[in-house]
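Protein chains in written order, with our numbering: chain A, 7 to 458; chain B, 78 to 309.
Set out below in C-alpha cells:
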C-alpha cells in the first residue's frame, strides 16, 4: 500500500516536472546569462536604461534583443576554408566580437531619426525604432554595418534603389570599397557559406538578404547575371552559345518575331506581346510561352500605352538601373515610369524612327534610336529626350551587334557572325558555317558572375 | 475475501489505475520533452535538435500538429532562429518534419503571420519557410499570395529590404510545392504583378529550375556566388 502510494506520488510529480520542462511552459527557457549580459553592457558601454532596463528573459524587450544579437556575434563560428583570389577579409571571421568591441564606444536606444534604422556618431550607436522591429539577422547586420562607419567609411548617393534621389547618402560605390555595406554583406555571405552554428532559417535569411542588398546598396553590384549569345538560324531555330559551346533549343510554333534580350533571357517580339525562348531545356512543342517575367509583360498590360502594337520595345539595364523603352507606330517614344507604374507620355514624334538599339556600332551600351537613313540618336530614357546624333552611322552590311560578357559580337546581313578580338573582327568560330538571322546577348539563370 | 480486505482491494485497484494513468501521461510528456527541451550544453534552443533518432523525431513532430500546440511551438521555433544552433542540419530536418505535419487549417494563419507587419521578422520568415517545407500543393496559393502581396510604402530602407527578402523566399518556396505546371503558372502570375527587379529575377531563376531540375537551384546559385565573395 505504502509502496503503491509512493509510486503514484512519484509518477504524478514526474508528470508535473516534465510538463514544466516543456519550453513553452518554462519561464527560464529563453533567459539570458546574467554574467554574459553584464559583460556585454561593459564591453559595449550599453545604456541599458535607454533600451528599457535590464531584461534577461523577455525577448520582446529591446535589451534582451541586443544581448541575443551580441551573443550571436560572439559565439557565431565559421569554418575556415582555403583562401582564394576573392578574399576580402574586411573583418577576420574569428574576430567579429573583438572587432565590434573595438569599433563601439557606446550603444543607445532612441528614436530621434525615425527614418533611419540606426546611426553612428563617433562610435556611439543609436538604435532607432526600426532596428527593434527587424529580424535577428537584420539587427545583427545593422550592428556590424554601423561598426564599420567608426573606421571612417561613409556612404555616397545611390544611383538606383529606394535611396535614389534621396538627400540621405545610403549606398557604397562598390564591394571593393570595403564600406559598411560590404562588411555587412561579407558577414551574410560567411553565415551562408561557412557558418557552423547558425539556425538554418537565419542562414536562409542571410542568403536572400545578401543577394537582395547586393543589387540595391552598391552602385556597382558585385554579383551579376551571366550572359550567353542567343542566335536564330535562317529557319528561326534558336541556339545558345555558352563559353564556345553551341546548344540548339526549341523554336516556337509560330513564325519568329524579332529577337530581344529580356531580363530573364531572350524573347521574340510581336508588337503586342512576346514569347519567351526557353534557353535551358526542350519544351512541349505546342506550348509557346508568353513572356511574363521581363518587362515585355508591359505589352499585354494596360499601362497607358494604348491599344495599338508597339513598333519596337527594349528592356535594358544601364548600370544597375532598368529601363523599358517603347516606340509606337506613329514614331512617338517613351519610357516606362516605374515609380508611377505607367508609361510616360509618348512624345518626340519622329516618323523616321525605325528601332531601338542597346549597343551602338562602336559597342557602346545604352539606349539609341536608329532612323531609316542610318543615323543613330542617343535617347535619355530618364529624361525622355533625344540627345545629339552619333557620329557613326549604322553600317549597311550590319544586321545586329551585341556584347556578351564584355565581348562585341556582330551579325552581317549575309548571315555571318563575327567577334571583335585583339582590335579586329574575325569569324565567330562556334557559329562558323551556320547562316544566322538574328543574335542577341541574354542573361542566363544558371549562375552568377562575381566580379573579381 | 472478507469485507475489509475487499475494500482494501478496491482502494489498491483504484490507486493502481491512477498510477497507470499518471505513467501514461508522463510517457507522453517525455516524448515531447525530448524534442523540445532547451540544451544546457550548447546554448542551442532545443535538445531535440541533437536527437539522432529520426523515428523519434518523426513521432515527436506529429505531436505538435494540433491546434492547441501550434502557437506556442511556433513562437519558440521563431525565437530559436535568433540563437546559436550547434546542429543546424538536425534543426532543419526537425522543422521540415514538423512542417510536413502542419494541418491545412493552419496554412491561412501562416500566410497571415507572414504578412503581419506587427510581428517580428523571425516569426514572419519562419511562417513562409514552413509553408514551403510543407511540400503540399495546397500551400502554393498561400505562398503566391505572400509573394505577390504589394510591398508597403515603408520609409525605413531595411524594413523594405526585409519585405523583399520575405517575398523572395515565398517565390523560391513556390518552386518546392505542387506540380511543375502549377508552379510555373504561379511564378508567372507573381512575376507579372511584380515590378521589383530582384523578385522578378528570383521568379525566373526558380521557373528555370522548375522547367529543368538538372540546373542549379536558386539556392545553390546563391551559395556559389556568395562563396566567391567571401573567404571560403
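Idealized CB from N, CA, C, for every residue including glycine.
All values derive from a computational prediction rather than experimental measurement.
- Runs of beta strand (DSSP E) with 3 or more residues, each lying fully within the stretch 316-357 of chain A, are found at 316-324, 327-334 and 339-343, listed in chain order.
- Taking C-alpha positions only, residue 245 of chain B is separated from residue 430 of chain A by approximately 44 angstroms.
- Within the same chain, 217, 221 and 251 come within 7 angstroms of residue 263 of chain B by CB-CB distance, once the 5 residues on both sides are set aside.
- Of the candidates A:333, A:251 and A:314, the residue whose Cα lies closest to the Cα of residue 435 of chain A is A:251.
- Of the other Cβ atoms in all chains shown, 16 or more fall within 10 Å of the Cβ of residue 236 of chain A; this residue is therefore buried.
- DSSP places residue 433 of chain A in the strand class (E or B) of the three-state scheme.
- Unbroken beta strand (DSSP E) runs of no fewer than 3 residues, entirely contained in the stretch 190-250 of chain A, are found at 224-226, 229-239 and 244-248, following chain order.
- Of all residues in the stretch 219-244 of chain B, those with a C-beta nearer than 7 angstroms to a C-beta of chain A are 232, 233, 234, 235, 236, 237, 238, 239, 241 and 242, reading in chain order.
- Annotation for residue 363 of chain A: the continuous beta strand (DSSP E) segment containing it runs 359-365.
- Under the Cβ criterion (8 angstroms, minimum of three pairs), the stretch 168-175 of chain B does not count as touching the stretch 141-161 of chain A.
- For residue 255 of chain A, the closest Cβ of chain B is not nearer than 7 angstroms.
- DSSP places residue 207 of chain B within a helical segment (H, G or I) once states are collapsed to three.
- When the Cα atoms are used, residue 317 of chain A and residue 335 of chain A turn out to be separated by approximately 5 angstroms.
- At a C-beta separation below 9 angstroms, residue 204 of chain B has no neighbours in chain A, since its nearest C-beta there lies roughly 10 angstroms away.
- Here residue 214 of chain B carries a coil assignment [DSSP, helix/strand/coil].
- When rounded, the separation of the alpha-carbon atoms in residue 160 of chain A and residue 174 of chain A is 11 angstroms.
- Burial state of residue 45 of chain A is exposed, judged by a 10 Å Cβ sphere holding fewer than 16 other Cβ atoms.
- Comparing alpha carbon positions, the residue from A:385, A:115 and A:215 closest to residue 322 of chain A is A:385.
- The three-state secondary structure of residue 150 of chain B, taken from DSSP, is helix.
- Residue 151 of chain A is classed as buried because its beta carbon has at least 16 other beta carbons within 10 Å across all chains shown.
- Of the other Cβ atoms in all chains shown, fewer than 16 fall within 10 Å of the Cβ of residue 128 of chain A; this residue is therefore exposed.
- Under the 7 angstroms criterion on CB atoms, residue 156 of chain B is classed as interfacial with respect to chain A.
- As a beta-bridge residue in DSSP terms, residue 266 of chain A pairs with A:273.
- With respect to chain B, the C-beta atom of residue 344 of chain A has a partner C-beta closer than 7 angstroms.
- Under the three-state reduction of DSSP output, residue 151 of chain A falls in the helix class.
- The C-alpha of residue 366 of chain A is placed about 15 angstroms away from the C-alpha of residue 360 of chain A.
- Between the stretch 199-216 of chain A and the stretch 156-165 of chain B, the count of C-beta pairs closer than 8 angstroms reaches three or more; the two stretches touch.
- As computed with DSSP, residue 449 of chain A is found in a beta bridge with A:233.
- For residue 179 of chain A, the enclosing beta strand (DSSP E) has its first and last residue at 178-180.
- Counting of Cβ neighbours within 10 angstroms places residue 291 of chain B among the exposed residues, the total staying below 16.
- Under the 10 Å beta carbon count, residue 55 of chain A is surrounded by fewer than 16 other beta carbons and is classified as exposed.
- The beta carbons of residue 123 of chain A and residue 86 of chain A sit about 31 angstroms from each other, so the pair does not count as a contact at 8 angstroms.
- Counting only the Cα atoms, residue 305 of chain A lies some 12 angstroms from residue 348 of chain A.
- Per DSSP, residue 235 of chain B is one residue of the alpha helix (DSSP H) stretching across 234-251.
- Note on residue 214 of chain B: under 16 other CB atoms within 10 angstroms of its CB, so exposed under the neighbour-count rule.
- With contacts defined as CB atoms closer than 7 angstroms, residue 206 of chain B and residue 453 of chain A fail to qualify as a contacting pair.
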